[in-house]
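S.K.:
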Amino acid sequence: MTETTPTPASTAPIYSLKLEGFEGPLDLLLHLIQKEEMDIYDIQIAHITDRYLEYVNLMEQLDLDVASEFLVMAATLLHIKSQSILPQLTPDTEYMIGDQEQLVKQLLEYKQFKEAARVLDVYAERQTLIYSRNPKIHEDLEGTREFEIRATLFDLLTAFKGLNDRAAEIETEETYETFEEETITVEDKIAFIDRQLESEDQLLFDDLFPLSSTKTDRIVTFLAILELIRIGKIVTVQTGHFESIYIVKQEHEGADQEILPPSNVENTRSEERNN
7 MTETTPTPAS TAPIYSLKLE GFEGPLDLLL HLIQKEEMDI YDIQIAHITD RYLEYVNLME
67 QLDLDVASEF LVMAATLLHI KSQSILPQLT PDTEYMIGDQ EQLVKQLLEY KQFKEAARVL
127 DVYAERQTLI YSRNPKIHED LEGTREFEIR ATLFDLLTAF KGLNDRAAEI ETEETYETFE
187 EETITVEDKI AFIDRQLESE DQLLFDDLFP LSSTKTDRIV TFLAILELIR IGKIVTVQTG
247 HFESIYIVKQ EHEGADQEIL PPSNVENTRS EERNN
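Here you go:
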């Protein structure tokens, strides 16, 4: 019998999810600067460029529709990095410093905007708790752990990357063969997560990615989480930056109303104020 070599499922798109409504390249840069504990005024441009490209590559591997802004920022970082490692001729040095200073200025302005938006979000959520009878997240979790922030797309990518890297270290050929026999869809994973949330108030993000799972299983699970966030069925929360991520079912009185991702909340409020 002729033996055929299986084609890895990861070579074909599993599920395409647009990043529209999620964070942009400046969010990713701020996330990485904070994660690497860098001073925003003294960015190690070569190191941060390498980390940024790793995340863009990861998003492409997940078959996410990476916006052109991410690629423009990648080109900008590569340009600044290349200038920083060239012989330090005065004109080039001045040009490179100017580019980096402009980037720092953009980051500082965007960080201020994000912090202002976060304060407004916290205020709005507190008002909702006062006037709404449907604050399920806060009621169910009261007395267990206090969630301070919502996990961003890049918090999720960071957690996923760490889990994926650890799992890759223990993957074997046997695991790969078993994986090839399975048919896994995002819809199946969405249904699985829905069932889990029917019996539990919250799910630990890491628990959905057992180290024994296959690469495709992990990818599909991650995409299912992003889709559930996109349609407003779940929120992902943390007790602090780079802490464990929890998945919580989002409860709304208007269940048939489409919910925007967290990053669009402030834009929606602005539109409401303008109307």
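Be aware that the sequence shown starts at 7, since it is given in the working numbering, and climbs by one per residue. Note that beta-carbon positions come from the ideal geometry of N, C-alpha and C, so glycine has one too. Here the structure is a predicted model, which means the values were calculated and not measured.
#1: For D71, does the three-state DSSP call read helix, strand or coil?
#2: Can you tell me the Cα-Cα spacing of E66 and E233, whole angstroms?
#3: Could you check whether V226 and I240 sit closer than 8 Å to each other, using their CB atoms as the reference points?
#4: Just verifying my parser: in three-state terms, what is the DSSP assignment at T242?
#5: Can you tell me which of the three DSSP states Y47 falls into?
#6: Determine the contact status of I86 and Q106, defining contact as a CB-CB distance below 8 Å.
#7: Hey, M44 and I54 are a contact pair by Cβ (cut 8 Å); roughly how many whole angstroms apart?
#8: If I follow the unbroken beta strand (DSSP E) through A209, where does it start and stop?
#9: Between which two residues does the beta strand (DSSP E) harbouring I235 extend?
#10: When DSSP labels each residue in this structure, what does I251 get in the three-state scheme?
#11: From the DSSP output, in three-state form, read off I39 for me.
#12: Output the distance between the C-alpha atoms of D161 and L92, rounded to the nearest integer angstrom.
#13: Within 10 Å of its beta-carbon, does I176 have 16 or more other beta-carbons around it, so buried, or fewer, so exposed?
#14: By Cβ distance, which residues of its chain are closer than 6 Å to L169, with the 5 residues on each side in sequence left out?
#15: Taking the alpha-carbon positions, what's the Y3 to L109 distance?
#16: Taking the alpha-carbon positions, what's the V62 to E75 distance?
M.R.: Reading it off the structure:
#1: Strand at D71.
#2: Near 16 Å, if we compare the C-alpha coordinates of E233 and E66.
#3: Pairing I240 with V226 gives a Cβ-Cβ distance that is not under 8 Å.
#4: Looking at T242 - three-state DSSP - the assignment turns out to be strand.
#5: Coil.
#6: Going by C-beta atoms, I86 is nearer than 8 Å to Q106.
#7: Their Cβ separation, rounded to whole angstroms, is 7 Å, which keeps M44 and I54 in contact under 8 Å.
#8: Looking at the sequence itself, residue 209 is Leu, so the reference to Ala does not match. Start and end: 208-210.
#9: Careful: I235 lies outside any beta strand (DSSP E), inside the alpha helix (DSSP H) at 221-236.
#10: Note: I251 maps to strand in three-state DSSP.
#11: Correct three-state label for I39: helix.
#12: Cα to Cα, D161 sits roughly 34 Å from L92.
#13: I176 is exposed by the Cβ-count criterion.
#14: Answer for L169: F215, listed in chain order.
#15: In the structure as shown, the chain begins at 7 and stops at 281. Residue 3 is therefore absent and cannot be evaluated.
#16: Using only the alpha carbons, I get a separation of about 11 Å.
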